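Take a look at the structure below.
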Amino acid sequence: MGNESINWDKLGFDYIKTDKRYLSHWRDGAWDAGTLTDDNVLHISEGSTALHYGQQCFEGLKAYRCKDGSINLFRPDQNAARMQRSCARLLMPHVETEQFIEACKQVVRANERFIPPYGTGGALYLRPFVIGVGDNIGVRTAPEFIFSIFCIPVGAYFKGGLTPHNFLISSYDRAAPQGTGAAKVGGNYAASLMPGSLAKKASFADCIYLDPMTHSKIEEVGSANFFGITHDNKFVTPNSPSVLPGITRLSLIELAKSRLGLEVIEGDVFIDKLSDFKEAGACGTAAVITPIGGISYKDKLHVFHSETEVGPITQKLYKELTGVQTGDVEAPAGWIVKV
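Numbering (my numbering), first residue to last: 5 to 343.
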C-alpha cells in the first residue's frame, strides 16, 4: 500500500510519525521477545539514567526500495556490532546481532508504505537506540533498559545532485582523549551543538574537529567522518581512538580498494598539510558523501578541487556506494540484507 499523502520530492530529514516501531525491555538479566507498537511515546521513570547521566546510545541505517520492488537493508550487521561496542562502553546490555537485524526487518515491513519509491533518491531511515531506564538516582548503571527502533522516510540529501560545502575548523573538542568519541552516544552530539551553530552562523556548512590531545589533526566533520584524496590518488581517512568508526566510512574504504584500485591509508591528517589533498569529503549515513569545497583555518580558506564542482574520484565513490545500496550495482558479499 502506498502513501499518497507524502510528497516524495519534498522530503527532507525531519521527524514523521510512521505506523509502527519496535520495543523491547531488559529486565532481570535478559531482553524480552520485543513487540511492534503504535505508540510513539516512551513511558519511563523520572529517575532514568538516560535522562540524568547520558546512559544511552543509538544507530542510524537505511532501507532502500530497489528497481525490482524488493527492499535492501544496508549492512545492518555492522550497525549491530557498533551498537554492541557503544553499549559495552556505557555498561549497558548489548543486543544480539540476530535480534537487531530481525527487529529492523519487522520495522521496515510494518512501515513499507513509507519507503520512498525507487529513483527518488530517498530511503527509509531507521533509528535504533538503547537507553537506561527504571527508578534510580545514583551515578550507576540502570536497573532496566529499553531497546527500540523507529523509522522515518527521508529524501535525497542533495536536491539536484552533489554540492560542495565549506567547513570551519572549530576550537572546541567533540570528545575527550580516552573518552566516548568512538561510541555513538548522545553526549558527543550534545557537545557538538554549540560549535556547529557557531559555524553555521559564520556561513559554513558545519565545523571540523581536531584531535583533542594536540589540536593538530583532523578527526571529524560535524557528525560525519573525513576523507581526502591525495594528488597521487590515495584515499586517506583519520585513524584515532576518539573517531566514530562509521559504516559509510568503512564501506568507502573497501570500495576505494576493490572497485577504484586506490591505496587506502588510515592515519593522521594534519591540518597544516591540507595541500596534500586534491579532493576531500565528509561521509555518513544521511548524505553518504558531502563533498568539501574548502576548509577555513586561522581565517584562511583552503580550497580543494572546487567550491562549486565535485571532484571525479568523489563522484565515482558516491555513484558506486549509492548504486550498491539501491541494488543497481553488485554488492560485496554480505553487505545487503533483503527484507
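We put the CB at the ideal spot given by N, CA and C, even for glycine.
It should be emphasised that the depicted structure is a prediction, and the values quoted were computed from it without experimental measurement.
Task: Uninterrupted alpha helix (DSSP H) stretches inside the segment 165-242 (no shorter than 4 residues) - done: 190-205
TODO: Quickly, what does DSSP pair residue 104 with across the bridge? List them, please.
DONE: Residue 104 pairs with nothing; no bridge assigned.
- [ ] Please go through the same chain and pick out, in chain order, the residues whose beta-carbon is closer than 8 Å to the beta-carbon of residue 319, but skip the five residues on each side of it.
- [x] Taken in chain order, the residues that qualify are 166.
Open item on the list: Please return the same chain residues whose Cβ sits closer than 7 Å to the Cβ of residue 261, not counting the five positions on each side in sequence.
Closed with: 268
Open item on the list: Can you give me the C-alpha to C-alpha distance between residue 158 and residue 131, rounded to a whole angstrom?
Closed with: 12 Å
TODO: Please list, in chain order, all residues of the same chain as residue 222 whose beta carbon is under 7 Å from its beta carbon, the five residues on each side excluded.
DONE: 212, 214, 230, 242, 273 and 275
Open item on the list: Just verifying my parser: in three-state terms, what is the DSSP assignment at residue 345?
Closed with: Only positions 5 to 343 of the chain appear in this structure, which leaves residue 345 out of reach.
Open item on the list: Could you tell me the alpha carbon to alpha carbon distance between residue 104 and residue 303, rounded to whole angstroms?
Closed with: Each residue's Cα considered, the two are about 46 Å apart.
- [ ] To the nearest angstrom, report how far apart residue 281 and residue 232 are at their CA atoms.
- [x] 6 Å
Task: Contact set for residue 125: own chain, Cβ-Cβ below 6 Å, skip 5 residues either direction - done: 160
Task: Per-residue burial, residue 141 [other beta carbons within 10 Å of its own, 16 or more giving buried] - done: exposed
- [ ] Kindly identify the DSSP beta-bridge partner or partners of residue 301.
- [x] 304, per the DSSP bridge assignment.
Task: Any 3 or more C-beta pairs closer than 8 Å across the segment 16-36 and the segment 101-115 - done: yes
TODO: Grab me the residues of residue 139's own chain with a C-beta within less than 6 Å of its C-beta, minus the 5 sequence neighbours each way, in chain order.
DONE: Exclusion of the five residues before and after residue 139 leaves 49 and 51 as the residues of its chain whose Cβ lies within less than 6 Å of its Cβ.
Task: Which of helix, strand or coil DSSP assigns to residue 132 - done: strand
Open item on the list: Tell me the DSSP secondary structure of residue 61 in three-state form.
Closed with: strand
Open item on the list: Which same chain residues end up closer than 7 Å to residue 1 when comparing Cβ atoms and leaving out the 5 residues on each side of it in sequence?
Closed with: Nothing about residue 1 can be reported from this structure: the residues present for the chain run from 5 to 343 only.
TODO: Can you tell me the Cβ-Cβ gap for residue 169 and residue 296, rounded? I've got them flagged as a contact below 8 Å.
DONE: 7 Å
Task: Counterpart residues of residue 26 in DSSP-defined beta bridges - done: Per DSSP, 40 and 153.
TODO: Find the nearest neighbour of residue 244 within the set 55, 266, 35 and 179, judged by alpha-carbon distance.
DONE: 179
TODO: Grab me the residues of residue 263's own chain with a C-beta within less than 7 Å of its C-beta, minus the 5 sequence neighbours each way, in chain order.
DONE: 324
Open item on the list: So, with DSSP's three-state summary, where would you put residue 281?
Closed with: Looking at residue 281 - three-state DSSP - the assignment turns out to be strand.
TODO: Measure the Cβ-Cβ separation of residue 172 and residue 203 and say whether it is below 8 Å.
DONE: Yes, Cβ-Cβ distance for residue 172 and residue 203 is below 8 Å.
Open item on the list: I need the straight-line Cα distance from residue 5 to residue 101, nearest angstrom please.
Closed with: At residue 5, the pLDDT of 47 sits below 50, so the modelled position is not reliable; the number obtained from the coordinates is stated separately. Going by the C-alpha atoms only, they are around 30 Å apart.
TODO: Would you mind sorting residue 144 into buried or exposed? The rule is 16 or more other CB atoms within 10 Å of its CB.
DONE: exposed
Open item on the list: Let's test the definition: count the other Cβ atoms within 10 Å of the Cβ of residue 289 and tell me whether it reaches 16, buried, or not, exposed.
Closed with: buried
Open item on the list: For residue 220, tell me which candidate among 96, 301 and 26 has the shortest Cα-Cα distance.
Closed with: 301
TODO: Give me the Cα-Cα distance between residue 4 and residue 306, rounded to the nearest whole angstrom.
DONE: This structure does not reach residue 4, given that the chain is present from 5 up to 343, and the question cannot be answered.
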